[in-house]
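Everything on this sheet refers to the single structure shown next.
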Amino acid sequence: MIANSTESFFVGQELKELAFGWTDYILFAGLLGISILIGIYFGFFSTKQDNTTEYLLGGRTMSFFPISMSLIASHISGVSLLSIPSEVYQYGTQYAACIFSSLITCFLIIVIYLPVFYKLQLTSTFEYLEIRFARPVRILASFLFTLSLVIYVPLIIYVPALAFSQATGMNLHYVAPVICMVCIFYTTVGGLKAVVWADTIQMTVTLGSLIAVVILGTIAVGGVGATWRIAEEGGRIVFWNMDPNPFLRNSFWATSVGMTMMWLMSLGTSQISVQRFLAVPNIKEAHKSIWCLGVGLVIVKLVSVFTGLTMYARYHKCDPISTHVVGSNDKILPYYVLDVAADVPGLPGLFLAGLVSAGLSTMSAGLNTVAGTIYEDFIDRWMPESNDKENKAANIMKVMVVILGVLCLGMVFVVDRLGDIFQLSYAMGGITSGTLLGLFSLGMLVPWATTKGAVVGGLISIVTMTWIIVGTQWHKMNNRIYHESLPSTTDGCLNLSSLFNHTIATTQNLTQVESVDEPFFIYRISFMYYTLLGVLIVIVVGTIVSFICGASDLSEVDRDHFPSCIARFMPPKKYMEVSLHTVPTALVTNLEKEELKS
1 MIANSTESFF VGQELKELAF GWTDYILFAG LLGISILIGI YFGFFSTKQD NTTEYLLGGR
61 TMSFFPISMS LIASHISGVS LLSIPSEVYQ YGTQYAACIF SSLITCFLII VIYLPVFYKL
121 QLTSTFEYLE IRFARPVRIL ASFLFTLSLV IYVPLIIYVP ALAFSQATGM NLHYVAPVIC
181 MVCIFYTTVG GLKAVVWADT IQMTVTLGSL IAVVILGTIA VGGVGATWRI AEEGGRIVFW
241 NMDPNPFLRN SFWATSVGMT MMWLMSLGTS QISVQRFLAV PNIKEAHKSI WCLGVGLVIV
301 KLVSVFTGLT MYARYHKCDP ISTHVVGSND KILPYYVLDV AADVPGLPGL FLAGLVSAGL
361 STMSAGLNTV AGTIYEDFID RWMPESNDKE NKAANIMKVM VVILGVLCLG MVFVVDRLGD
421 IFQLSYAMGG ITSGTLLGLF SLGMLVPWAT TKGAVVGGLI SIVTMTWIIV GTQWHKMNNR
481 IYHESLPSTT DGCLNLSSLF NHTIATTQNL TQVESVDEPF FIYRISFMYY TLLGVLIVIV
541 VGTIVSFICG ASDLSEVDRD HFPSCIARFM PPKKYMEVSL HTVPTALVTN LEKEELKS
């Protein structure tokens, strides 16, 4: 219900069960149907996807706008759209510091990473690691990238399935396979072009419906001024927390530095992003794509943050989480959408379709890219040369998409048991992202680095980060690490029947945390620093090992493997010396005589 004034709304608020209408189901099915039709069009009626360049790079003829939208859609997954508002609702707006990360990330990509990849024009970014170091480094990175997909994509599927389950009451385990099969179909059939154009349409719908929900929610609580005032009174306006303590769950430094590292990996060196940058005709178009991407990220992130504030303003007197109307923190956004958009037929369905589409776009990008990576790095060298090799390669990649999709679907049921999506997404990404970014950064920024340094640094980084993250998750599951959210109240609720039990459970959890010894300090480092930590381990260990085992001679290193900001400080390239033979004296004398005569 929507009251005429803010104060009258919050005198007594009744939380109730909300559900989809038939209009919502029609719009939801319609958007998924469009994704399938796009796959059919590009798979059967457009340019045939019968070679690796067409299937993976769209023939290198894509324009910057759909590429930018695809990159935004691939990055802004359902995890972001669902978890960021929930994060702001519980912990405040500190996450908004990521707007600095967006601009810094775009600048660093243009200056450091993109020039090298574009100059070399490599189908696989991991091929760079082979020509810069050796094949073992490439294989290590390809394995880590594939592992990251198997770890992260199940979370991408789980989030929209969770939201749909909250809105419709359907079992999550029935929803996830349907969503997964739609994505596998249009990615397998249509290749990169289908992925990019489906992403563009899905992103437009997602962003449009999210903005519509924000506007409705803001009007419902009395406007932007009332939303900001209520959030400020509730302690949700948190931005300039400059405390450098690495054990704080979040701060300005944790967000800005941590997000920059995470985005450099996912946008600057990830095969998913670089594959799209290389799909445009020239580097100027790639630069346009990057800056459009940066602006788009800022807009979507700020809209998501403000959505969290409007949720808090609406429920600041009656918290649905505390009263168990919402089963978990991550289900509050779907509940909020159904609540504020109840009087607009179809909008909840459109929003949820956008949320599911965001998950589809990220999953499709991952499946398409990893299929290409596995083929290029593990299968291609064993394929015999033949006239139809390219056609066979495209078919093998399509099979790989199906296999990986089914594997990720199976992992969804594991994710269901791991808790807080926002923190979990960054923690799981931290297992591999720091190591991958570290390997590329070591290659491009440290000319002395050698193959042994890269391999040892990469292995130590992945082992260390796995130890830290798995250990931290174990302590969290056993309530030894607990981050208390900002205070919320249920004073304005009309239905308080379940509040008493919640209070007892919360007290028991806090008592348990206080009664045990504090975990080892390494487990208490903020999850926002995981990628940075992984990068530092690779670069520091890799550089030390390189010098111990014999650093590279800089005059023999190919300058094309480095950005111009590094190459300009390197010594001139050593040219091959040719031995000079002694000329007989008699011959010299005769030559001199001839010169004198002339």
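According to full-length UniProt numbering, the residues represented by the sequence shown are 1 to 598, in order.
Where a beta carbon is used, it is the ideal one built from N, C-alpha and C, also for glycine.
All values reported here derive from a predicted model rather than from experimental measurement.
Stretch pair the stretch 543–554 + the stretch 453–468: three plus CB contacts closer than 8 Å: yes
The alpha helix (DSSP H) enclosing Thr543, as first and last residue numbers: Position 543 of the sequence shown holds residue 543. It spans 530–549 - the alpha helix (DSSP H) in which Thr543 sits, taken as one unbroken run.
Val356 beta carbon less than 8 Å from that of Pro160: As a working note, residue 160 is residue 160 in the sequence shown. As a working note, residue 356 is residue 356 in the sequence shown. Contact flag set, yes.
Rounded separation between Thr464 and Gly429 - CA only: On the sequence shown, position 464 is the one that residue 464 refers to. On the sequence shown, position 429 is the one that residue 429 refers to. Cα to Cα, the separation comes out at about 14 Å.
For Glu285 and Leu114, the rounded distance between their alpha carbons: Looking up residue 114 in the sequence shown gives position 114. Looking up residue 285 in the sequence shown gives position 285. Roughly 12 Å between the two C-alpha positions.
For Cys106, the three-state DSSP class (helix, strand or coil): Position 106 of the sequence shown holds residue 106. In the structure shown, Cys106 sits in a helix (DSSP, three-state: H, G or I).
The alpha helix (DSSP H) enclosing Lys398, as first and last residue numbers: The count along the sequence shown starts at 1 and reaches residue 398 at position 398. From DSSP, the alpha helix (DSSP H) with Lys398 extends over 389–415.
Start-to-end residues for the alpha helix (DSSP H) that takes in Ile131: As a first step, residue 131 is located in the sequence shown; it is residue number 131 there, counting from the start. First-last of the alpha helix (DSSP H) with Ile131: 126–132.
Counted within 10 angstroms of its Cβ, other Cβ atoms place Gly438 as buried (16 or more) or exposed: To locate residue 438, count along the sequence shown from 1; it is residue 438. When all chains shown are included, Gly438 counts as buried.
For Ile299 and Leu309, the rounded distance between their alpha carbons: Residue mapping note: residue 309 aligns to position 309 of the sequence shown, counting from 1. Residue mapping note: residue 299 aligns to position 299 of the sequence shown, counting from 1. If you take the alpha carbons of Leu309 and Ile299, they lie about 15 Å apart.
Residues near Ile99 in its chain [Cβ-Cβ closer than 8 Å; skip 5 each side]: Numbered from its first residue, the sequence shown carries residue 99 at position 99. These residues qualify, in order along the chain: Val298, Lys301, Leu302.
Inter-residue Cα distance where the pair is Leu436 and Ala141: As a first step, residue 436 is located in the sequence shown; it is residue number 436 there, counting from the start. As a first step, residue 141 is located in the sequence shown; it is residue number 141 there, counting from the start. Their backbone Cα atoms lie some 6 Å apart in a straight line.
Beta-carbon proximity check, Tyr128 vs Ala231, cutoff 8 Å: Within the sequence shown, residue 128 is the residue found at index 128, counting from 1. Within the sequence shown, residue 231 is the residue found at index 231, counting from 1. Against a cut-off of 8 Å, the Cβ pair of Ala231 and Tyr128 comes out as no contact.
Rounded Cβ spacing between residue 613 and Ser102 (contact assumed at less than 8 Å): Within the shown structure, residues of the chain are numbered from 1 to 598, placing residue 613 beyond reach of any answer.
Residue environment, Trp22, which counts as buried when at least 16 other CB atoms sit within 10 Å: If you number the sequence shown from 1, residue 22 lands on position 22. By the neighbour-count rule (16 or more Cβ atoms within 10 Å), Trp22 is not buried but exposed.
Inter-residue spacing [alpha-carbon to alpha-carbon] between Leu532 and Ser433: Locating residue 532 in the sequence shown gives position 532, where the first residue counts as 1. Locating residue 433 in the sequence shown gives position 433, where the first residue counts as 1. Approximately 9 Å between the Cα atoms of the pair.
Of the listed residues His561, Leu108, Ile396, nearest to Ala371 (C-alpha basis): Locating residue 371 in the sequence shown gives position 371, counting from the first residue. It is Ile396 whose Cα lies nearest to the Cα of Ala371.
Cβ-Cβ separation, Tyr91 to Leu486 (assumed contact under 8 Å), whole Å: As a first step, residue 486 must be located in the sequence shown, where it is residue number 486. As a first step, residue 91 must be located in the sequence shown, where it is residue number 91. At roughly 6 Å, the Cβ-Cβ gap stays under 8 Å, so Leu486 and Tyr91 are in contact.
Meets three-Cβ-pair contact criterion under 8 Å: the stretch 156–173 and the stretch 328–335: Contact holds: three or more Cβ-Cβ distances are below 8 Å.
Of the listed residues Leu409, Ile374, Met265, nearest to Leu360 (C-alpha basis): Against the sequence shown, residue 360 aligns to sequence position 360. Answer by Cα proximity: Leu409.
Inter-stretch contact at 8 Å, needing at least 3 Cβ pairs: the stretch 339–346 / the stretch 516–531: no
Option in Pro348, Thr490, Asp377 with minimal Cα separation from Phe28: Position 28 of the sequence shown, counting from 1, holds the residue named residue 28. Restricting attention to Pro348, Thr490, Asp377, the CA atom closest to the CA of Phe28 is found in Pro348.
Phe117: first and last residue of the uninterrupted alpha helix (DSSP H) it sits in: On the sequence shown, position 117 is the one that residue 117 refers to. Its alpha helix (DSSP H) spans residues 114–120.
Cβ contact check for the stretch 141–155 and the stretch 371–391: 3 or more pairs under 8 Å: yes
Residues of its chain near Gly296, where Cβ-Cβ distance is below 7 Å and the 5 sequence neighbours each way are ignored: If you number the sequence shown from 1, residue 296 lands on position 296. Here the set comprises Ser68, Ile72.
Inter-residue Cα distance where the pair is Ile332 and Pro320: Taking the first residue of the sequence shown as position 1, residue 332 is located at position 332. Taking the first residue of the sequence shown as position 1, residue 320 is located at position 320. Spanning the two alpha carbons is a distance of roughly 7 Å.
Coil, strand or helix - Cys183 by DSSP: Within the sequence shown, the letter at position 183 stands for residue 183. Three-state DSSP puts Cys183 in a helix.
Contacts around residue 617, its chain only, beta-carbon distance under 6 Å, and the 5 residues preceding and following it disregarded: Residue 617 falls outside the range modelled here, since the chain spans only 1 to 598, and no answer is possible.
Local conformation of Cys318 per DSSP, three classes: As a position in the sequence shown, residue 318 is number 318, starting the count at 1. Three-state result, Cys318: coil.
Cβ-based neighbour list, Gln423, same chain, cut-off 6 Å, excluding 5 preceding and 5 following: As a first step, residue 423 must be located in the sequence shown, where it is residue number 423. Only Phe527 meet the Cβ criterion.
Neighbourhood of Asn241 by C-beta, 7 Å cutoff - its chain only, sequence neighbours within 5 removed: On the sequence shown, residue 241 is found 241 positions in, with the first residue counted as 1. Counting only Cβ-Cβ distances below 7 Å, and skipping sequence neighbours, we find Gln94, Ser251, Phe252.
C-alpha gap between Gly354 and Lys288, whole angstroms: By one-based count along the sequence shown, residue 354 stands at place 354. By one-based count along the sequence shown, residue 288 stands at place 288. Computed Cα separation, rounded: 25 Å.
Inter-residue Cα distance where the pair is Ala427 and Asn387: To locate residue 427, count along the sequence shown from 1; it is residue 427. To locate residue 387, count along the sequence shown from 1; it is residue 387. Rounded to whole angstroms, Ala427 to Asn387 spans 46 Å at the Cα level.
Bounding residues of the alpha helix (DSSP H) (the contiguous stretch that carries Cys565): The residue labelled residue 565 in the question sits at position 565 within the sequence shown. Note, Cys565: alpha helix (DSSP H), 564–567.
Cβ-Cβ separation, Arg314 to Ala220 (assumed contact under 8 Å), whole Å: For the purposes of this step, residue 220 is taken as residue 220 along the sequence shown, with counting starting at 1. For the purposes of this step, residue 314 is taken as residue 314 along the sequence shown, with counting starting at 1. 6 Å between Cβ atoms; contact.
Lys389 versus Met383 - alpha carbon distance: Indexing the sequence shown from 1 puts residue 389 at position 389. Indexing the sequence shown from 1 puts residue 383 at position 383. When rounded, the distance between both Cα atoms is 8 Å.
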